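Below is one structure, written out as structure tokens; comments come after it.
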Amino acid sequence: MSSLHSNNGAFRAEFRTTIPESYSGIRHAAIILGFGMLAICLCLWFLSTPLSWTELAMIPLVVLGWNLVEWWGHKRLHRPGKSAFSKALYTRHTLTHHRFFTEQNGVLENARDLKIVFFPAFALPVITVLSLVPAAVAWWVISLNAGLVFVITSVVMYLLFEAFHLCAHLPDTHWTTRLPLISTMRRHHLAHHDPSLMMTHNMNFTLPWADWFFKTSDVQRGFWGTTFNGGSSQYVRRPKP
Numbered sequence: 299m300s301s302l303h304s305n306n307g308a309f310r311a312e313f314r315t316t317i318p319e320s321y322s323g324i325r326h327a328a329i330i331l332g333f334g335m336l337a338i339c340l341c342l343w344f345l346s347t348p349l350s351w352t353e354l355a356m357i358p359l360v361v362l363g364w365n366l367v368e369w370w371g372h373k374r375l376h377r378p379g380k381s382a383f384s385k386a387l388y389t390r391h392t393l394t395h396h397r398f399f400t401e402q403n404g405v406l407e408n409a410r411d412l413k414i415v416f417f418p419a420f421a422l423p424v425i426t427v428l429s430l431v432p433a434a435v436a437w438w439v440i441s442l443n444a445g446l447v448f449v450i451t452s453v454v455m456y457l458l459f460e461a462f463h464l465c466a467h468l469p470d471t472h473w474t475t476r477l478p479l480i481s482t483m484r485r486h487h488l489a490h491h492d493p494s495l496m497m498t499h500n501m502n503f504t505l506p507w508a509d510w511f512f513k514t515s516d517v518q519r520g521f522w523g524t525t526f527n528g529g530s531s532q533y534v535r536r537p538k539p
């Protein structure tokens, strides 16, 4: 796996030549945020208040479900599947993203580098459509409000995923790196780019809960200590080679 991290500078230069001249990282971010806000506002338009406790229960349900799916999906990205789609995801994530960003050089240099940070702009619309299936079940079992809250929370979690991942690859001096939770997940994710950890540890992006539960966090602390560890390496226990 160490070969993935060799000649990082040369790989970065080579990858940047593949980015279309028309690409704008700012536009990419604006499209993701714009679609997300549009979906949220549309759901809020149809939402009726006040919300019952069963309707509000959709929020922690989606947050926990997202955390598990995020953890599981990230683990799968590190192993090439049999389908062309899974192989393409493996190539983009493991063979490209992990060569562009290493533990020693994990920060982006300009807005065009966002090409290898953000998922393609169509990812959020796809996830929103997929969320309509369980949302429809929530509508049928509980209420329309429950389904709408499910979709809203799903979209918010995706936006947080993209935002936290972006913050993980911003320079050390950026003000966001000192914020609670963001500082935790930044250290958590950059450590994941260590070749000795990338296949097995630190799979979460938004909150380190599934990593804590499945003991795949490199931080050996309790639930709250892991969540609010910040950038500290005091409790880091690297796996034995």
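Residues 299 to 539 in the working numbering are what the sequence shown lists, from first letter to last. C-beta atoms are modelled at their ideal positions from N, C-alpha and C, and glycine is treated no differently. This one's a predicted model, so the numbers in the text were calculated from it and none came from an experiment.
Can you have a look at Pro418 and say buried or exposed, based on whether 16 or more other CB atoms are within 10 angstroms of its CB?
Classification for Pro418: exposed.
I believe Leu375 touches Thr392 by the beta-carbon criterion, under 8 Å. Please report the beta-carbon distance rounded to the nearest angstrom.
6 Å between Cβ atoms; contact.
Measure the alpha-carbon distance for Ser300 versus Phe344 and round it to whole angstroms.
Because Ser300 carries a pLDDT of 44, less than 50, the predicted location of this residue cannot be relied on, and the following value inherits that uncertainty. So the two alpha carbons sit approximately 52 Å from each other.
Which runs of the beta strand (DSSP E), 3 residues or longer, sit entirely within the region 376–438?
Taking only runs of at least 3 residues, no beta strand (DSSP E) segment lies wholly in the region 376–438.
For Asn500, which residues from the same chain have a beta carbon less than 8 Å from its beta carbon, with the 5 sequence-adjacent residues on both sides left out?
Within the same chain, Asn500 has close Cβ partners His486, His487, Ala489, His490, Pro506, Asp509, Thr514, Ser515, Asp516.
Considering just the uninterrupted stretch of the alpha helix (DSSP H) at Gly520, what are its terminal residues?
Unbroken run through Gly520: none, as it is neither H nor E.
Give me whichever residues DSSP pairs with Val549 in a beta bridge.
This structure leaves residue 549 out entirely; the chain is present only between 299 and 539.
Taking only the alpha-carbon atoms, compute the straight-line gap between Leu387 and Thr482 and give it to the nearest angstrom.
About 26 Å.
Count Cβ pairs between the region 422–438 and the region 461–478 that sit closer than 8 Å; are there 3 or more?
No, because fewer than three Cβ pairs between the region 422–438 and the region 461–478 fall closer than 8 Å, the two stretches do not touch.
Would you call the CB atoms of Ile450 and Leu366 closer than 9 Å?
Cβ distance not < 9 Å, so Ile450 and Leu366 don't count as in contact.
Mapping the DSSP letters down to three states, classify Thr498 as helix, strand or coil.
Correct three-state label for Thr498: coil.
Determine the closest residue to Phe416 out of Leu464, Met497, Asn408, Ser350, with distance taken between C-alpha atoms.
Among Leu464, Met497, Asn408, Ser350, the Cα nearest to that of Phe416 is on Leu464.
Taking the beta carbon of Glu319 as the centre, do at least 16 other beta carbons fall within 10 Å, making it buried, or is it exposed?
Classification of Glu319: exposed, given that the 10 Å Cβ count is below 16.
Are there three or more Cβ pairs, one per stretch, closer than 8 Å when the region 343–360 is compared with the region 433–444?
A contact exists between the region 343–360 and the region 433–444.
Would Pro478 and Gly528 be called neighbours here (beta carbons separated by less than 9 Å)?
Cβ distance < 9 Å, so Pro478 and Gly528 count as in contact.
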